[in-house]
Amino acid sequence: MSILETGLLITTVLCIAANGFEVVAKAVKAQFVVQNSGEVGLAPRWLPYLAVIEGAGVVGLVIGFAGVRQIGLAAAIGLVAFFIGAVGAHIRSNVLHNIAFPGVFLALALGSVAYFALPA
Numbered sequence: 001m002s003i004l005e006t007g008l009l010i011t012t013v014l015c016i017a018a019n020g021f022e023v024v025a026k027a028v029k030a031q032f033v034v035q036n037s038g039e040v041g042l043a044p045r046w047l048p049y050l051a052v053i054e055g056a057g058v059v060g061l062v063i064g065f066a067g068v069r070q071i072g073l074a075a076a077i078g079l080v081a082f083f084i085g086a087v088g089a090h091i092r093s094n095v096l097h098n099i100a101f102p103g104v105f106l107a108l109a110l111g112s113v114a115y116f117a118l119p120a
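Throughout the sequence shown, residue numbering follows the UniProt record's numbering, covering 1 to 120 in sequence.
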């Protein structure tokens, strides 16, 4: 395994861990999630739906690790789209003080796309 492959593998594992944490935080409507979503104009009632979407991405990445790389790639692409939307919501609502968080999640998802796009 090359250094690039190792780095992308680590990025994908971090993507799973970070998004897994966020799924739980959204599902239980953690205070920091409710506050952040309120700042960007998202009603708390949408958080469980976002948790399901993000959770599907996490499950897809794990399935990708289990050998179905196409599912992993599709899940990673879905997470990229999800976090492009999150970054866009921050920009649209001019909430830039914490835009690094969805930006980091977007970068992790992009790394996961690269990992699953590599030849097996």
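Where a beta carbon is used, it is the ideal one built from N, C-alpha and C, also for glycine.
By alpha-carbon distance to residue 103, the top candidate from 25, 18, 66 is 18. A straight-line Cα-Cα distance of about 7 Å links residue 43 and residue 37. For residue 91, the uninterrupted alpha helix (DSSP H) segment begins and ends at 69-92. Boundaries of the alpha helix (DSSP H) around residue 36: 31-39.
Looking at the backbone, the Cα of residue 105 and that of residue 119 are separated by about 24 Å. Inter-segment contact for the stretch 85-99 and the stretch 53-64 is absent: fewer than three beta-carbon pairs are separated by less than 8 Å.
Residues of the same chain with a CB within less than 6 Å of the CB of residue 111, apart from the 5 flanking positions on each side, are 8, 11 in chain order. For the pair residue 81 and residue 15, the CB atoms are not nearer than the 8 Å cut-off. Around the beta carbon of residue 117, fewer than 16 other beta carbons lie within 10 angstroms, which makes this residue exposed. With fewer than 16 other beta carbons inside 10 angstroms of its own, residue 21 counts as exposed.
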